[in-house]
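Our numbering puts the first residue of the sequence shown at 1, with every later residue one more than the last.
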Amino acid sequence: MNRRVLCLVSAAALLAASASNAVSAQELPKKTITLVVGFAAGGATDAAARIVAKKLQDNLGQTVVVENRAGAGGNLAHQHVAGAPADGSVILLGSVGPLSIAPHLMKVGYDAQKDLAPLTMGVMFPNLLVVHPGVGVKDFAAFIAKAKAKPGEIDFASSGAGSASHLAGELLNQRAGIETVHIPYKGGAPALQDLLGGRVAAYYSTPATAAPHIAAGRLIPLATTGLTRPAYMTQVPTIAESGYPGFNATNWYAFVAPGKTSAPVLERWNAELVKALNADDVKAELTKHGLTPAPGTRDELAKFIAAESKAWAQVIKERRIKVE
């Protein structure tokens, strides 16, 4: 390598190091940081937010509080953060529903791809179709058979209209040619409570949330909604392997900020969140909840949200799904 090339390489390395240091040196507001969640306390989104918030607080040396703004399937929280101060003091643990599904179903009061700036993917996981024992089915095939025999009589809960659990049910209706009835709630916790009480027949739950109730015999697991069986629930088949190849309704939570937040602050948040999500103790806690950390770049998240939006828009169009 000649001297000129060596000089160019050295200059590039110094420039990259300088840029990296500039990002890490970007100051966040010296006040309480608010991490907003669009669902009620007690659900998987809330649990993930609190696990990450604790690590952020430790790393940043300043207070990080979780604020639950439940309602409209998480859309109220997303609308709130879209209009929040764009100084880095407010971020949101968003979800597939408000970011990629709800905008195709209703007026949400924000543009998910303009008014909210991507920070990093948080976690990904499949949902788990569970039913109350009173439904009288023991496996997925029996569930489909009963739904076909009695169209409109089986209902399923969701964490809100336009949520991942809602569209998982609609996708199964489409693929299996059945008609189960959607019942929206203000989060996973109240949906699960009504399922346990037998007031609703089925729910597309987070696996870890349903696990203790399955062990106690209060719920029956039928199938998971991802392409492969999760490592923590290998005994339960996927819908894809149960007669509906390619069925995929993977759930995910991603971190976003107000859309007008400056690029340096967004990059600083990406760095802090990726650091927190990669921490061994955070990984362990999230895994206990059946959540797989999936940190990445801001650009990767932007492209993923756009792709998910396009895919779910097609399902909504084909199913002619409307929210009353």
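The beta-carbon is built from N, C-alpha and C at its ideal position, and this holds for glycine as well. What you are looking at is a predicted structure, and each value in this text was computed from that prediction instead of being measured.
Give the secondary structure of residue i by DSSP, where H, G and I count as helix, E and B as strand, and everything else as coil.
i: N21; result: Residue placement at N21 cannot be trusted, given a pLDDT of 45 that sits under 50; what the coordinates show is reported in the next sentence. Helix.
i: A86; result: coil
i: E285; result: helix
i: K138; result: coil
i: A49; result: helix
i: D58; result: helix
Using a 10 Å radius around the Cβ and a threshold of 16 neighbouring Cβ atoms, would you call residue i buried or exposed?
i: K317; result: exposed
i: R320; result: exposed
i: N21; result: Its pLDDT being 45, under 50, N21 is placed unreliably by the model, and the measurement read from it follows with that caveat. Classification of N21: exposed, given that the 10 Å Cβ count is below 16.
i: P133; result: exposed
i: K148; result: exposed
i: Q314; result: exposed
i: V37; result: buried
i: E179; result: exposed
i: V65; result: exposed
i: E27; result: exposed
From the DSSP secondary-structure annotation, give me the bridge partner or partners of residue i.
i: M124; result: W252 and T292
i: I33; result: V64
i: Y203; result: V130 and A157
i: T238; result: T224
i: A257; result: A117
If I follow the unbroken beta strand (DSSP E) through residue i, where does it start and stop?
i: S309; result: No beta strand (DSSP E) contains S309, which is instead part of the alpha helix (DSSP H) from R298 to R319.
i: I91; result: V90 to S95
i: P184; result: V181 to P184
i: L167; result: Taken as a continuous stretch (DSSP letters only), L167 belongs to no beta strand (DSSP E), being part of the alpha helix (DSSP H) at A164 to A176.
Need the endpoints of the alpha helix (DSSP H) that residue i sits in, please.
i: L266; result: A263 to L277
i: P151; result: No alpha helix (DSSP H) holds P151; DSSP gives it neither H nor E.
i: L327; result: The shown model of the chain, from 1 to 324, leaves out residue 327, and the question about it has no answer.
Closest by CA to residue i, which one among the options?
i: S158; options: K55, G71, G188 and K114; result: G188
i: G136; options: K146, A276, V256 and L128; result: K146
i: M106; options: G162, A210 and Q57; result: G162
i: R255; options: N270, E241 and F247; result: The sequence given here has Phe at residue 255, not Arg. Comparing Cα positions, the closest option is N270.
i: T250; options: G97, A142, N59 and I220; result: G97
i: T209; options: K30, A53, L129 and R229; result: L129
i: R199; options: K30, K275, E153 and I33; result: E153
i: K186; options: V323, R229, G71 and G290; result: G71
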